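Chains as they are written, first to last, in our numbering: chain A, 224 to 364; chain B, 224 to 364.
All C-beta atoms in this analysis are idealised placements derived from N, C-alpha and C, irrespective of residue type, glycine included.
Quick caveat: nothing in here was measured; it's all calculated off a predicted structure.
See structure below.
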DNA sequence: CTATAACTGATACAAAGTATCATCACTAAC
DNA sequence: GTTAGTGATGATACTTTGTATCAGTTATAG
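Printed below as a string of structure tokens:
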């Protein structure tokens, strides 16, 4: 488990320097509980260059501290990851809030499906699109 | 079930005209059993304009004859859909071949998970990344 | 056959990154 | 404390994957 507070520490442990732009990005991400897009970070951190934002996101992705996921319409977004290596996400299509979940049942099911199709299952991606409990239109459709 | 041969017919049934560019795209897609990218279509059909290729893909997506899916690295690809509305895909990470599957167990599991998380599950996305039976490196890692 | 609405390609634009590169800033050695 | 060297940075240009605009073309109903 990687607590949010240690985003910078995660990078330092991997041998990257704790520079001012990385600090700014880490602090902003730690305040966010929702998902975020690269463009949003760039807008909210005008002092940090575009390339550096993308570079830092990439480092965090590689470190496993951030996940790349798809919105319901297929565009890209990111989200901090608290759970360890393998997990899935539910994304609120109203407010963008992301919850992580692990479900042993999912993994069992995937391997069951894997044994029914030819070839070897290497990886999988599961995303749930929800209207979360705190969203106004929850239940109204 | 929407057989591949009727891609053009699918568009006509929706009130779209059967024009030469659409015919060319439909015929190319019907020959493909694999997934495809928009860029590949554009390259293979130099006589059809870039915008028209994207427009036609969009129409086929809306018609449900084509699905948009993500590769293991998160980039976009498309694939013809033979099964009806709701299904999932397995994508070979070596050759790009896409198989569709429906699994009632998946749907049951999703609704079980849905009842454990706050909010209402609207939709979900599941992709399996495999090395398919006809790929050379199958089993070698 | 013709009117007209749908469709097209060219082009410009947009969003989401990536590559290049001169400059800047840590860090470690002296 | 300087300084050399590597890592990191921002500006800029470029790439990829589309979307918007628009003048010109084409399918099709009548």
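Residue of the options minimising C-alpha distance to residue i
| i | options | result |
| --- | --- | --- |
| residue 255 of chain B | B:301, B:348, B:324 | B:301 |
| residue 279 of chain B | B:313, B:309, B:231 | B:231 |
| residue 285 of chain A | A:269, A:236, A:347 | A:236 |
| residue 309 of chain A | A:297, A:345, A:335, A:281 | A:345 |
| residue 260 of chain A | A:229, A:353, A:253, A:298 | A:298 |
| residue 282 of chain B | B:343, B:321, B:353, B:239 | B:239 |
Nearest-angstrom Cα separation, counted from residue j out to residue i
| i | j | result |
| --- | --- | --- |
| residue 341 of chain B | residue 287 of chain A | 25 Å |
| residue 294 of chain A | residue 316 of chain A | 8 Å |
| residue 265 of chain B | residue 251 of chain B | 11 Å |
| residue 305 of chain B | residue 319 of chain A | 32 Å |
| residue 351 of chain B | residue 338 of chain A | 12 Å |
| residue 246 of chain B | residue 291 of chain B | 21 Å |
| residue 330 of chain B | residue 241 of chain A | 45 Å |
| residue 349 of chain B | residue 357 of chain A | 25 Å |
| residue 262 of chain B | residue 311 of chain A | 30 Å |
| residue 273 of chain B | residue 233 of chain A | 43 Å |
| residue 324 of chain A | residue 307 of chain A | 11 Å |
| residue 335 of chain A | residue 267 of chain B | 38 Å |
| residue 326 of chain B | residue 347 of chain A | 15 Å |
The alpha helix (DSSP H) enclosing residue i, as first and last residue numbers
| i | result |
| --- | --- |
| residue 336 of chain B | 327–337 |
| residue 295 of chain A | No alpha helix (DSSP H) contains residue 295 of chain A, which DSSP labels as neither H nor E. |
| residue 237 of chain B | Unbroken run through residue 237 of chain B: none, as it is neither H nor E. |
Limits of the beta strand (DSSP E) - the one that residue i falls within
| i | result |
| --- | --- |
| residue 316 of chain A | Counting along the chain, residue 316 of chain A falls outside any beta strand (DSSP E), and DSSP gives it neither H nor E. |
| residue 245 of chain B | That residue, residue 245 of chain B, is in no beta strand (DSSP E); its alpha helix (DSSP H) goes 243–254. |
| residue 348 of chain A | 343–354 |
Whole-number beta carbon distance between residue j and residue i, since they are thought to touch under 8 Å
| i | j | result |
| --- | --- | --- |
| residue 303 of chain B | residue 289 of chain B | 6 Å |
Task: Contact set between the region 272–299 of chain A and chain B, restricted to residues whose Cβ is under 7 Å from the partner - done: Of all residues in the region 272–299 of chain A, the ones placed with a Cβ closer than 7 Å to any Cβ belonging to chain B are 291, 293, 295, 297, 299, in chain order.
Open item on the list: Against chain B, which members of the region 346–358 of chain A pass a CB distance test of less than 9 Å?
Closed with: Going along the region 346–358 of chain A in chain order, one finds 346, 347, 348, 349, 350, 351, 352, 353, 354, 355, 356, 357, 358 with a Cβ nearer than 9 Å to chain B.
Task: Near-chain B residues of the region 233–254 of chain A - C-beta to any C-beta below 9 Å - done: Here the close residues number zero.
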